[in-house]
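Here is the structure we will look at.
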Amino acid sequence: MINIVKYMTQKRIFLCLAHMSGQEMKFIQEAFDTNWVVPLGPNVNGFEKDLESFMGQQKRIVALSSGTAAVHLALIACGVKAGDEIIVQTFTFCASSHPITYLGAKPVFVDSESDTWNMSPELLEEAIKDP
Numbered sequence: 080m081i082n083i084v085k086y087m088t089q090k091r092i093f094l095c096l097a098h099m100s101g102q103e104m105k106f107i108q109e110a111f112d113t114n115w116v117v118p119l120g121p122n123v124n125g126f127e128k129d130l131e132s133f134m135g136q137q138k139r140i141v142a143l144s145s146g147t148a149a150v151h152l153a154l155i156a157c158g159v160k161a162g163d164e165i166i167v168q169t170f171t172f173c174a175s176s177h178p179i180t181y182l183g184a185k186p187v188f189v190d191s192e193s194d195t196w197n198m199s200p201e202l203l204e205e206a207i208k209d210p
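Numbers in the numbering used here are just positions in the sequence shown, counted from 1, shifted up by 79.
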């Protein structure tokens, strides 16, 4: 059994407070010199392989060009198709709803609570029950 506290302190991916190693300009220059700026290239491939190794669970990693692309791919993986209704919070960035429309599905917007800014459970229930 994994000691989750020990595991979490040893293997972290920080979500904020960017870490700069001092190598960034070298990698930027390398990308321009080799004409591999976006969306692929040896650095992206290396990142995917390094992250797969870090995860250590025989999982495949795919680096995408944006969060919108990631949401789009996730919706496809979930089997969303034209005509489906997908619930989306109103207090969000357009990347939450645009991939839904790319697939011909319909975003159903649910408003947020004023005190938490999270999706309102009551309004969510109404949206689910609405024929």
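Just so it is clear, CB atoms sit at the ideal spot from N, CA and C, and this is done for glycine as well. All values reported here derive from a predicted model rather than from experimental measurement.
Distance, G183 Cα to I211 Cα
The displayed coordinates of the chain run from 80 to 210. Any statement about residue 211 would go beyond what the structure contains.
C-beta contact flag for A226 and E127 at 7 angstroms
This structure does not reach residue 226, given that the chain is present from 80 up to 210, and the question cannot be answered.
For the segment 189-205 against the segment 155-172, do three or more pairs of beta-carbon atoms, one drawn from each stretch, fall closer than 8 angstroms, so that the two count as touching?
Verdict: yes, contact present.
Taking 8 angstroms as the limit between beta carbons, can you name the residues of its chain near E131, skipping five residues before and five after?
Taken in chain order, the residues that qualify are K138, R139 and I140.
Note down, in chain order, each residue of its chain lying with its Cβ closer than 6 angstroms to the Cβ of F133, except the 5 sequence neighbours on either side.
Nothing listed; no residue qualifies.
Measure the beta-carbon distance from N122 to F106 and round it to whole angstroms, keeping in mind my assumption that it falls under 8 angstroms.
Approximately 6 angstroms separates the beta-carbon atoms of N122 and F106; this is inside 8 angstroms, confirming the contact.
Considering only the alpha carbon of each residue, which of L154, P178 and K185 lies closest to I162?
A quick correction: the sequence has Gly, not Ile, at residue 162. When each option's Cα is compared against that of G162, the closest is K185.
If we ignore side chains and look at the alpha-carbon of each, how far apart do L119 and S144 end up?
If I take the Cα positions, the gap works out to 9 angstroms.
Looking at the structure shown, is I165 part of a helix, part of a strand, or coil, going by DSSP?
It is a strand residue.
With which residues is S191 paired in a DSSP beta bridge?
In DSSP, S191 forms a bridge with M198.
Per-residue burial, H98 [other beta carbons within 10 Å of its own, 16 or more giving buried]:
Of the other Cβ atoms in all chains shown, fewer than 16 fall within 10 Å of the Cβ of H98; this residue is therefore exposed.
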